[in-house]
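Peer 1:
There are 2 protein chains.
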Amino acid sequence: MSEPTRAYRFAVNVTPKPGILDPQGRAVERSLPHLGIAGVSAVRVGRRVELTVAAANEADARAVVDRLAAELLSNPLIEAYAVEPLGEAAPAGVAG
Amino acid sequence: MSEPTRAYRFAVNVTPKPGILDPQGRAVERSLPHLGIAGVSAVRVGRRVELTVAAANEADARAVVDRLAAELLSNPLIEAYAVEPLGEAAPAGVAG
Chain E
1 MSEPTRAYRF
11 AVNVTPKPGI
21 LDPQGRAVER
31 SLPHLGIAGV
41 SAVRVGRRVE
51 LTVAAANEAD
61 ARAVVDRLAA
71 ELLSNPLIEA
81 YAVEPLGEAA
91 PAGVAG
Chain B
1 MSEPTRAYRF
11 AVNVTPKPGI
21 LDPQGRAVER
31 SLPHLGIAGV
41 SAVRVGRRVE
51 LTVAAANEAD
61 ARAVVDRLAA
71 ELLSNPLIEA
81 YAVEPLGEAA
91 PAGVAG
């Protein structure tokens, strides 16, 4: 790459789609009485993936993250994802 | 509870602490060349838990989430958590 690159940090939040059974969320809900916690409901457990992308600009970086989220980090049949920009990152050792 | 309650939605983002080995993050990094994706680094895989808390006010709800995050949703030895308020929620079936 001859173009100077910057490093951008993103989070990808992956959550079970509405209506999809979420055994981990149910397990959390069932643990609550043992902790003496009441009033908590609708618990959904997903994944959060944080990563750094080296690219010429934020739009290029975002495109990489979108592809990664759709093709590798989520199962589109049962999960939804949202990309959250976390700002520019220190351009440390970027080994793709 | 005689006091009127509201419902607040939160997310708890749980991530491996810096320096802690993250096998899932490594697995993602190793998959990238197969997808033809370069320039991605520092991948960390954690959990994202979304939940609704019924409480008299947001501060009370937040206190419940903080306790839940520290005692049930994260392992403080190896994980850090951050609580993210998602706003007031529809006060649907709140069965603690």
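Chains as they are written, first to last, in my numbering: chain E, 1 to 96; chain B, 1 to 96. We treat Cβ as the ideally placed atom computed from N, Cα and C, and that holds for glycine.
1) For the beta strand (DSSP E) containing E29(E), list its first residue and its last residue.
2) For A70(B), I'd like the list of residues in its chain whose CB is within less than 7 Å of its CB, leaving aside the five on either flank, ordered along the chain.
3) Would you identify the three-state DSSP class for E79(B), choosing helix, strand or coil?
4) Quick check: the Cα distance between D60(E) and L68(B), rounded to an integer number of angstroms?
5) Got a sec? Which residues, its chain only, sit under 8 Å from S41(B) by beta carbon, not counting five neighbours each side?
6) Below 8 Å, how does it come out for the region 13 to 31 of chain B and the region 20 to 39 of chain E: are there three or more Cβ pairs, yes or no?
7) Compare the C-beta of G39(E) against all C-beta atoms of chain B and say whether one is closer than 8 Å.
8) Which residue wins for smallest C-alpha separation from G87(B), given the options P4(B), T5(B), R9(B)?
9) Please list, in chain order, the chain E residues whose beta carbon lies closer than 8 Å to that of S74(B).
10) Using the beta-carbon count (16 or more within 10 Å), is G19(E) buried or exposed?
11) Measuring alpha carbon to alpha carbon, tell me which of A54(E), A89(E), R47(E), D66(E) ends up nearest E25(E).
12) Taking only the alpha-carbon atoms, compute the straight-line gap between V45(E) and L72(E) and give it to the nearest angstrom.
13) Residues bridged to A97(B) by DSSP?
14) Report the CB separation of V64(B) from V53(B) in whole angstroms; it is logged as a contact under 8 Å.
15) Using the Cβ count rule (16 or more neighbours within 10 Å means buried), how would you classify A27(E)?
16) Looking at the secondary structure, which residues open and close the alpha helix (DSSP H) in which L68(B) lies?
17) Kindly list the residues whose CB is nearer than 7 Å to the CB of A82(B), restricted to its own chain and excluding five residues on each side of it in sequence; keep chain order.
18) Are any of the Cβ atoms in chain E nearer than 8 Å to that of R48(B)?
Peer 2: In brief:
1) No beta strand (DSSP E) contains E29(E), which is instead part of the alpha helix (DSSP H) from 23 to 35.
2) P76
3) strand
4) 38 Å
5) E29
6) no
7) yes
8) R9(B)
9) Neighbours of S74(B) on chain E: none; closest Cβ ~12 Å, over 8 Å.
10) exposed
11) Note on residue identity: the sequence assigns Gly, not Glu, to residue 25(E). Comparing Cα-Cα distances from G25(E) to each of A54(E), A89(E), R47(E), D66(E), the minimum goes to R47(E).
12) 18 Å
13) What the structure shows of chain B is the stretch from 1 to 96, and residue 97(B) is not part of that stretch, so it cannot be assessed.
14) 5 Å
15) exposed
16) 58 to 68
17) N13
18) yes
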